[in-house]
DNA sequence: CTGAAAGCGCTTACAG
DNA sequence: CTGAAAGCGCTTACAG
């Protein structure tokens, strides 16, 4: 691999000039720039990322902290992030955050503190106070996506509104016995996480319907965010003497589990049971699943653009203080009615 | 962020000693090592990744080249890779390889040549000769997974055998009119890519059955590797006057498309049509889909272990020349019979 | 606009 | 076992 010196020698200028000509930082005459470029091209020179970032303090690399890399949602968001970062020359390094405490310590105490990235994107993980403090002490721009922490600037969907919308859809169809399958943390602390917000929206919509005079039976069933978890929970629910006529599942994958449980028990959808999910999953159309699409790819693009803005990279947004638009729960979502929801028979 | 100097001062030793004590490279007295560790701990010191890699030539970072980051298969493989690399302190930087030529040039001519990674994992992408040459000129260990290139050491499944196994399963059930939905490149060049190999297996199995005296009708239908692509292709196929009694889809996601097409046309599965896929997809159990599982998570673990071995990291394998086991098509796969395949009625 | 030189924060022969 | 010193390959004030 050729070095800066090789290019300098070939072009007959100093290394300083080569650096300036190639990076575009600092002045260079048009003519010199051309000569340097030609020499670099000729030699196949590419600046060493590590030398460059040691000298400049810029890593041109963004860290992305993800839970569950193999989940469709995160993979899709990641694809969205990459699609906006790559054209600006930023690489992405991946940090997988699991529930394993030793691994989390390794991540927060070591991996993230090695100065490898210019900024961090954190995707819907729940962080302890100590972890949030760790993140702040990094001295880097950190942008969250769906992170339930007011301290971190971040983008998110208004998941309470999402839960409300899903529930209202079922109520509007005439359902009066509705179950919500999801998660809910009511451990004293202010619960801002996505599952709890969705459940809150469910509760709110039910309360509003009751206030308006409807008699609504509402149940909440806990299940983890997987197909099989929801399938088990739904199986139990549907074998009760008086099963609900509609289920709001907290994610599309959970909704698939509900569909499977209904099929297992010989219930027809939407004849015997209406089902609605959340996400806009890849296969939702295949299942004809009514869902609330939250455009995960676009979310990735937005959060990617947000870090670029925080770093002062790119177009008009450069340098703009990103706080204002970032702390809002402003990401779009949209009800997609399909064949798994209908009026109760 | 504290630096090496700070630690050296606090521990009352030279920076050289700190470096040795903390990295474990070179001799240090037990006592000094402890003192240095304590000082580092106390200060919260973590070595700068960029300075360290500039000085040592080791980046402790592995590049992973992926097509289609949002595909379940690749996300799962990636998760497997991360699970073996992270415990060894290796980070992962992601390089998304699309079909966009400009983007590919940027990747091969610049991004990969910046010296950011110690080794590269390349996941089932098809590379031009120039790109393979680029990869070799990097002077780094490169390990492929499902890359159809003899020049690159790599792991792969014997996809011809996979295609044969799927087809034999249908033949063994008694099907004599079988279609394969997939891809096949017959452009003169030796076609070693996964889709073509699977089709080759299909052809081989059919030929063998004929040789053994069976009268078999076999058709090949081209479709891209998506649910909707396969759905369209299957729709056309199933509306022919004499549709096949069984379909071998080249991936599980394609099989989902076939199931949807059958449902669209009111055909029952497996009553009117048997369907088999390949992958061992997340949702295959949900669909009761017969498939050939290829254990993608384990594939990721294997290829992760292979690069570690190539770098001489970790246990017994360190330094072992990885060529021999790596060029074989030795990754396991397994038929998982479920409810979408049965004898023809 | 261009160059000489210091410096980014580590690692590693080389001596002792 | 430990330290002084060179060096990894760039970038960037500072002069001119």
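Protein chains in written order, with the numbering used here: chain E, 3 to 347; chain C, 3 to 347.
Every residue, glycine too, gets a C-beta built ideally from N, C-alpha and C.
Quick caveat, the model's predicted, so the values are computed rather than measured.
Exercise. Using Cβ-Cβ distances below 9 Å, what residues of the region 80-91 of chain C are close to chain E?
Worked result: Those residues of the region 80-91 of chain C that come within reach of chain E (Cβ to Cβ, closer than 9 Å) are 80, 81, 82, 84, 85, 88, 89, 91.
Exercise. Of all the CB atoms in chain E, is at least one closer than 8 Å to the CB of residue 93 of chain C?
Worked result: yes
Exercise. So, helix, strand or coil for residue 106 of chain E, using DSSP?
Worked result: Reduced to three states, the DSSP call for residue 106 of chain E is helix.
Exercise. In the structure shown, what three-state DSSP assignment does residue 34 of chain C receive?
Worked result: In the three-state scheme derived from DSSP, where H, G and I count as helix and E and B as strand, residue 34 of chain C is classed as helix.
Problem set entry | Backbone CA spacing between residue 146 of chain C and residue 245 of chain E [nearest angstrom] | 51 Å
Problem set entry | Backbone secondary structure at residue 97 of chain E - three-state DSSP | strand
Exercise. Do the CB positions of residue 200 of chain E and residue 184 of chain E come within less than 8 Å of each other?
Worked result: yes
Problem set entry | residue 299 of chain C in three-state terms, based on DSSP | Residue 299 of chain C: helix per DSSP, three-state reduction.
Exercise. Can you tell which of E:341, E:334, E:340 has the C-alpha that lies nearest to the C-alpha of residue 158 of chain E?
Worked result: Considering only alpha carbons, the answer is E:334.
For this session: Determine the direct distance from the alpha carbon of residue 90 of chain E to that of residue 26 of chain E, and round the result to whole angstroms.
Result: 14 Å
Exercise. How is residue 80 of chain E classed by DSSP in three states: helix, strand or coil?
Worked result: helix
For this session: Look up residue 182 of chain E in the DSSP assignment and give the residues it is bridged to.
Result: E:222, E:250
Problem set entry | Straight-line Cα distance separating residue 280 of chain E from residue 222 of chain E | 16 Å
Exercise. Looking at the C-beta of residue 39 of chain C, does it have a partner C-beta in chain E at a distance below 8 Å?
Worked result: no
For this session: Please report the Cβ distance between residue 283 of chain E and residue 74 of chain E, rounded to the nearest whole angstrom; I am assuming they are in contact, meaning their Cβ atoms lie under 8 Å.
Result: Between residue 74 of chain E and residue 283 of chain E the Cβ distance is about 6 Å, and since that is below 8 Å, they are a contact.
For this session: Examine chain C for any beta-carbon lying closer than 8 Å to the beta-carbon of residue 229 of chain E, and answer yes or no.
Result: yes
For this session: Out of C:142, C:34, C:102, C:119, point me to the one whose CA is closest to residue 129 of chain C's CA.
Result: The shortest C-alpha separation from residue 129 of chain C is found at C:102.
For this session: Determine the DSSP secondary structure at residue 337 of chain E, reduced to helix, strand or coil.
Result: strand
Exercise. Looking at residue 166 of chain C and residue 2 of chain C, is the spacing between their C-beta atoms short of 8 Å?
Worked result: Outside the shown range of chain C (3 to 347) lies residue 2 of chain C, about which nothing can therefore be said.
For this session: Go to residue 281 of chain C, then tell me how far its beta strand (DSSP E) extends in each direction, as first and last residue.
Result: 276-281
Exercise. Can at least three beta-carbon pairs, one atom from the region 13-26 of chain E and one from the region 12-23 of chain C, be found at a separation below 8 Å?
Worked result: Segments in contact, no.
Exercise. Which one or two residues does DSSP pair with residue 157 of chain E in a beta bridge?
Worked result: E:147
Exercise. Would you say residue 48 of chain E reaches chain C, if we count a Cβ-Cβ gap shorter than 8 Å as a contact?
Worked result: yes
Problem set entry | Integer Cβ distance of residue 110 of chain C from residue 136 of chain C, believed to fall under 8 Å | The C-beta separation of residue 110 of chain C from residue 136 of chain C comes to about 4 Å, placing the pair in contact by the 8 Å criterion.
For this session: Could you tell me which residues DSSP puts in a beta bridge with residue 68 of chain E?
Result: E:98
Exercise. What's the C-alpha gap between residue 337 of chain E and residue 293 of chain E?
Worked result: 6 Å
Exercise. Is the CB of residue 117 of chain E under 8 Å away from at least one CB in chain C?
Worked result: yes
For this session: Please check if any C-beta of chain E sits within less than 8 Å of the C-beta of residue 205 of chain C.
Result: no
For this session: Decide if residue 16 of chain E is buried, meaning its Cβ has at least 16 other Cβ atoms within 10 Å, or exposed.
Result: exposed
Problem set entry | Meets three-Cβ-pair contact criterion under 8 Å: the region 118-127 of chain E and the region 53-73 of chain E | With the cut-off at 8 Å, the region 118-127 of chain E and the region 53-73 of chain E touch.
Exercise. Does DSSP put residue 318 of chain E in a helix, in a strand, or in coil?
Worked result: With a pLDDT of 41 at residue 318 of chain E, under the threshold of 50, the modelled position of this residue cannot be trusted; read the value that follows with caution. Reduced to three states, the DSSP call for residue 318 of chain E is coil.
For this session: Can you tell me which of C:123, C:262, C:180 puts its alpha carbon nearest to the alpha carbon of residue 231 of chain C?
Result: C:262
Problem set entry | Three-state class that DSSP yields for residue 217 of chain E in the structure shown | coil
Exercise. Between which two residues does the beta strand (DSSP E) carrying residue 125 of chain E extend?
Worked result: 121-125
Problem set entry | Per DSSP, cross-strand counterpart(s) of residue 294 of chain E | E:280, E:337
For this session: Return the first residue and the last residue of the alpha helix (DSSP H) that residue 231 of chain E is part of.
Result: According to the DSSP assignment, residue 231 of chain E belongs to the alpha helix (DSSP H) that extends over 229-240.
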